[in-house]
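Report on one structure; see the data block that follows.
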Amino acid sequence: HSANNMGLEDIIRKALMGTYDD
Amino acid sequence: EFTQKQQDLLRHILDAFSKYRIPQEVTRKLLQQRSSAEENFLLLTETATSHVQVLVEFTKKLPGFQMLDHEDQIALLKGSAVEAMFLRSAQMFSRRIPCQQSELLEDRIRHSGIAEEYIIPMFNFYRSIGELKMTQEEYSLLTAITILSPDRSFVKNREAIDRLQEPLLEILQKYCKLNHPDDPQHFARLLGRLTELRTFNHHHSNMLMSWRIN
Numbered sequence: 008h009s010a011n012n013m014g015l016e017d018i019i020r021k022a023l024m025g026t027y028d029d
Numbered sequence: 274e275f276t277q278k279q280q281d282l283l284r285h286i287l288d289a290f291s292k293y294r295i296p297q298e299v300t301r302k303l304l305q306q307r308s309s310a311e312e313n314f315l316l317l318t319e320t321a322t323s324h325v326q327v328l329v330e331f332t333k334k335l336p337g338f339q340m341l342d343h344e345d346q347i348a349l350l351k352g353s354a355v356e357a358m359f360l361r362s363a364q365m366f367s368r369r370i371p372c373q374q375s376e377l378l379e380d381r382i383r384h385s386g387i388a389e390e391y392i393i394p395m396f397n398f399y400r401s402i403g404e405l406k407m408t409q410e411e412y413s414l415l416t417a418i419t420i421l422s423p424d425r426s427f428v429k430n431r432e433a434i435d436r437l438q439e440p441l442l443e444i445l446q447k448y449c450k451l452n453h454p455d456d457p458q459h460f461a462r463l464l465g466r467l468t469e470l471r472t473f474n475h476h477h478s479n480m481l482m483s484w485r486i487n
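From first to last, the protein sequence lines stand for chains A and B. Heads up, the final residue of the first sequence is numbered 29 in our numbering, and it's a clean run with no missing numbers. Heads up, the final residue of the second sequence is numbered 487 in our numbering, and it's a clean run with no missing numbers.
In structure tokens form, the structure reads like this:
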């Protein structure tokens, strides 16, 4: 799961843009 | 009594909070038996990641949040993600009937390489939250209030955030008076938990460091 090594901020930015993979 | 505006805002936040859930494919793994320390660690990491994603979805629905400066939105989420995560797990652990999920999660936390010195304050906090017997309204308002904290680091426009948080504090205070007439200190106690919650930012970063070293 790529999210494991993404930083907290990356996960937040991605989710804010609504493009995180559910 | 609540004004119409307050009732609508509370209902809106309650509705958003009811959707603030980790996807089933992640929680389903929590129920699987195999659990070496490494697996527990990976599972907790995946759960935490998934929590951040659902936290952002909840936060986007907080009235006014998406109108804030984009970098302030990120500063608020970065500043509150850990606290919201512990408040959310406290809600699960404080259910009167411990469900299979919380027993397994507790077992995973205790056997995932986290040092005992961080496990003790964690479960003390879960107990102190449980004693307050909080309702869904209180959890949803407290979560929103935690996220909309104007004093997070790197925030530029604190007044704009304070204008979003203030109405929620008023609703929570009124809610406590209406629902706990016998306990005038209830509102103060809830805010006291927010102070305790802030200590987890420090615990959590130390916990991550100790994990890396192990």
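Positions of the beta carbon are idealized from the N, C-alpha and C atoms, including for glycine.
Reduced DSSP category for residue i - H, G, I as helix; E, B as strand; rest coil
| i | result |
| --- | --- |
| R368 of chain B | coil |
| Y399 of chain B | helix |
| R485 of chain B | helix |
| H384 of chain B | coil |
| M407 of chain B | coil |
| S375 of chain B | helix |
| G352 of chain B | helix |
| F427 of chain B | coil |
| Q305 of chain B | coil |
| H453 of chain B | coil |
| F275 of chain B | coil |
| I19 of chain A | helix |
With 16 other Cβ atoms within 10 Å as the buried cut-off, status of residue i
| i | result |
| --- | --- |
| M407 of chain B | buried |
| S353 of chain B | buried |
| R485 of chain B | exposed |
| E274 of chain B | exposed |
| L304 of chain B | exposed |
| A461 of chain B | exposed |
| Q458 of chain B | exposed |
| F366 of chain B | buried |
| T468 of chain B | exposed |
| R301 of chain B | exposed |
| F331 of chain B | buried |
Residue i versus residue j: straight-line alpha-carbon distance, rounded
| i | j | result |
| --- | --- | --- |
| K450 of chain B | S422 of chain B | 23 Å |
| L283 of chain B | R431 of chain B | 23 Å |
| D345 of chain B | I382 of chain B | 32 Å |
| H453 of chain B | S308 of chain B | 42 Å |
| G14 of chain A | D456 of chain B | 42 Å |
| L464 of chain B | V299 of chain B | 31 Å |
| I347 of chain B | I19 of chain A | 7 Å |
| Q280 of chain B | Q409 of chain B | 15 Å |
| L470 of chain B | T276 of chain B | 30 Å |
| H343 of chain B | A357 of chain B | 20 Å |
| F290 of chain B | A417 of chain B | 9 Å |
| S375 of chain B | S362 of chain B | 9 Å |
| K278 of chain B | C372 of chain B | 36 Å |
| D380 of chain B | H475 of chain B | 23 Å |
| F473 of chain B | Q339 of chain B | 27 Å |
| L335 of chain B | Q446 of chain B | 18 Å |
| E16 of chain A | M24 of chain A | 12 Å |
Test: residue i CB closer than 8 Å to a CB of chain A
| i | result |
| --- | --- |
| V325 of chain B | yes |
| V488 of chain B | Outside the shown range of chain B (274 to 487) lies residue 488 of chain B, about which nothing can therefore be said. |
| I347 of chain B | yes |
| A461 of chain B | no |
| A310 of chain B | no |
| T300 of chain B | no |
| K351 of chain B | yes |
| A289 of chain B | no |
| T322 of chain B | yes |
| A388 of chain B | no |
| A354 of chain B | yes |
Cutoff 8 Å: residue i Cβ touching any chain B Cβ
| i | result |
| --- | --- |
| A10 of chain A | Note on A10 of chain A: pLDDT 40, under 50, position unreliable in the model; no value is reported. |
heavy atom of the ligand FAD below 7 Å from residue i C-beta
| i | result |
| --- | --- |
| V327 of chain B | Looking for the ligand FAD in the displayed structure turns up nothing, as the structure carries no ligands at all. |
Do the region 313-322 of chain B and the region 380-394 of chain B meet, that is, are 3 or more Cβ pairs less than 8 Å apart?
yes
Cβ contact check for the region 435-447 of chain B and the region 392-403 of chain B: 3 or more pairs under 8 Å
no
Report yes or no: do the region 316-324 of chain B and the region 284-296 of chain B share at least 3 C-beta pairs separated by less than 8 Å?
yes
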